[in-house]
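Heads up: the structure comes next, in structure tokens.
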Amino acid sequence: MKYMLLLYAAPGTDPVPGTPECDDMMAEFFSLDERMKDRATVLAGEGLLPATTATTLRTRDGKVEMLDGPFAETREHLGGFYLIEAATLDDALAFAAAVPVARYGSVEVRPVEIFS
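Residue numbers for the sequence shown follow the numbering used here, so the first one is 3 and each next one is one higher.
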């Protein structure tokens, strides 16, 4: 089954780029596929630029409204994602627990709906 893992963190909680902490975290991200290959296969995954770079679009009554930044006011912002294939929810959750962001943010795990 496919699962979407949504990585959330509060602004400013990520390790600062160029520091040993950030280098260690990035090494963990880059080795995640190999370390977790017995539990899940990564189909896609990317980090996102800060929420301040977002544009939110809504269409209501035929009118398009665009807003700078994220629409929802939340403490944690979406900072990246993985799309994985895992045999069970437990395997997907094990993969999510190994994502470095889980230590200072959160990882939401959602099954992907398959439309026929």
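Note that CB positions come from ideal geometry on N, CA and C, so glycine has one too.
Span separating the alpha-carbon of residue i from that of residue j
{"i": "Thr61", "j": "Pro22", "result": "44 Å"}
{"i": "Thr152", "j": "Leu7", "result": "Because the chain is modelled from 3 through 118, residue 152 falls outside the range shown and cannot be assessed."}
{"i": "Ala98", "j": "Ala53", "result": "22 Å"}
{"i": "Val111", "j": "Lys65", "result": "33 Å"}
{"i": "Val114", "j": "Glu48", "result": "17 Å"}
{"i": "Ile116", "j": "Leu51", "result": "28 Å"}
{"i": "Ala46", "j": "Ser33", "result": "14 Å"}
Residue i and residue j closer than 9 Å at C-beta
{"i": "Tyr106", "j": "Asp16", "result": "yes"}
{"i": "Arg37", "j": "Asp93", "result": "no"}
{"i": "Leu9", "j": "Ser118", "result": "no"}
{"i": "Met3", "j": "Ala88", "result": "yes"}
{"i": "Leu59", "j": "Leu69", "result": "yes"}
Segment limits, beta strand (DSSP E) that includes residue i
{"i": "Leu9", "result": "Lys4 to Ala11"}
{"i": "Ser33", "result": "Counting along the chain, Ser33 falls outside any beta strand (DSSP E), though it belongs to the alpha helix (DSSP H) covering Pro22 to Arg37."}
{"i": "Leu45", "result": "Ala42 to Gly49"}
{"i": "Ser118", "result": "Ser118 -> no beta strand (DSSP E), and no H or E assigned at all."}
{"i": "Thr57", "result": "Thr57 to Arg62"}
Heavy atom of the ligand ADP within 8 Å of residue i beta-carbon
{"i": "Thr58", "result": "With respect to the ligand ADP, the structure shown offers nothing to examine, as it has no ligands at all."}
Stretch-stretch touch, CB-based, cutoff 8 Å, three pairs: the region 11-29 with the region 94-110 | Taking 8 Å as the limit for Cβ pairs, the verdict is that the region 94-110 does touch the region 11-29.
For the region 69-100, list the alpha helix (DSSP H) runs that are entirely contained and at least 4 residues long, ordered along the chain. 91-100
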